[in-house]
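Data first, discussion second: the structure below is written as structure tokens.
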Amino acid sequence: MKTKYLLPYGAGNQKTDVSYTQGESWARQAMLRDNEYNENPIQNAGKAAVYQAGNCGEHANVAYTLLAAKSLNAPLLRVNDRNQDHAYVLIGDPRDRTWGEKDTVVVDAWVTHPAATTLEQSNDLSPNVTPLAQRAPRSQPDPRAVSAYANVTPVSTEMVNAYLMQRGAHPIGSGLVENMDTYADTSRFFNERTSAADPSTKYRSSIMSSNSFDKIMYCTIDNENSAHTAWQNNGCRW
């Protein structure tokens, strides 16, 4: 959930987030990629926190960086999907028999209702064989990840509106949403709620009782319900 905290405007290509923020999630993501885009996951994560929004790549980078700041007893992978334009994080390694798809956990913060799931129980995810970044089990915390979110000064809404003006776009508000087709390829906007095939699936280990991975903060549910209503009522084709 901390990824959502660091990217409070949400995804620039999730229909609900774009509608709820009156286009600001899209504008912040576009501004980030125009001004600061960097393929290094940790460097990109720090910049994403400044702009407070992003698509799946930025959400994956922020989640990866948060986890890379810790020492885990499992491999950590930042991957792109083989069959779709999507990015996410894996705890575990499906290439390794120790983990396989059954014991590799997917962390996908881009979806509107993020719930951890195993790769085996995910909604048709198929990670590339070669990760964009990876860490071995029991690695020491990455110092770059530890400091990635220190002294972050977020971009203001006024700065975002100045960026939009430079592009000849409407400022944040209903005009931006109503004319979004002019500024973005809205066929690439999504309404993806979860990466889990069944978010209520219960998991069990030898030392822990059965638990589901679908625990979501009530405030997140309330916000996403409001965002869904905003999307349904925006009057746009997308």
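Heads up, the sequence shown is in UniProt numbering, so the first residue is 1 and it goes up one at a time.
Quick reminder that beta carbons are idealized off the backbone N, C-alpha and C, glycines included.
Counting only runs that start and end inside the region 51–138, the alpha helix (DSSP H) elements of at least 4 residues fall at 56–68.
Residue environment analysis places residue 8 among the exposed positions, since fewer than 16 neighbouring C-beta atoms fall within 10 angstroms of its C-beta. Take residue 61, set aside five residues on each side of it, and the residues of its chain with a beta-carbon closer than 6 Å to its own are 41, 44 and 45, in chain order. Put simply, of 18, 11, 16 and 22 the residue whose alpha carbon is nearest the alpha carbon of residue 173 is 22.
Annotated three-state conformation of residue 29 is helix, per DSSP. If you check the CB distance, residue 103 and residue 75 do not come in under 8 Å. As the crow flies, the alpha-carbon of residue 78 is around 10 Å from that of residue 68.
Here the alpha carbons of residue 6 and residue 30 stand approximately 17 Å from one another. If you look at residue 178, you'll find it in the alpha helix (DSSP H) that goes 174–178.
Shown here, residue 140 sits in coil according to DSSP, grouped into three states, outside any helix or strand. A residue is called buried when at least 16 other Cβ atoms come within 10 angstroms of its Cβ; residue 1 does not meet this threshold and is exposed. With respect to the 8 Å criterion, residue 91 and residue 111 are not classified as neighbours on the basis of their beta carbons. A buried status is given to residue 177, since no fewer than 16 other beta-carbon atoms sit within 10 Å of its beta-carbon. With respect to the 8 Å criterion, residue 195 and residue 126 are not classified as neighbours on the basis of their beta carbons. Taken through DSSP and simplified to helix, strand or coil, residue 150 comes out as coil. DSSP lists 14 as the bridge partner or partners of residue 190. In this model, residue 63 and residue 4 are separated by some 9 Å (Cα to Cα). Taking C-alpha positions only, residue 57 is separated from residue 130 by approximately 16 Å. Counting only the Cα atoms, residue 166 lies some 14 Å from residue 157.
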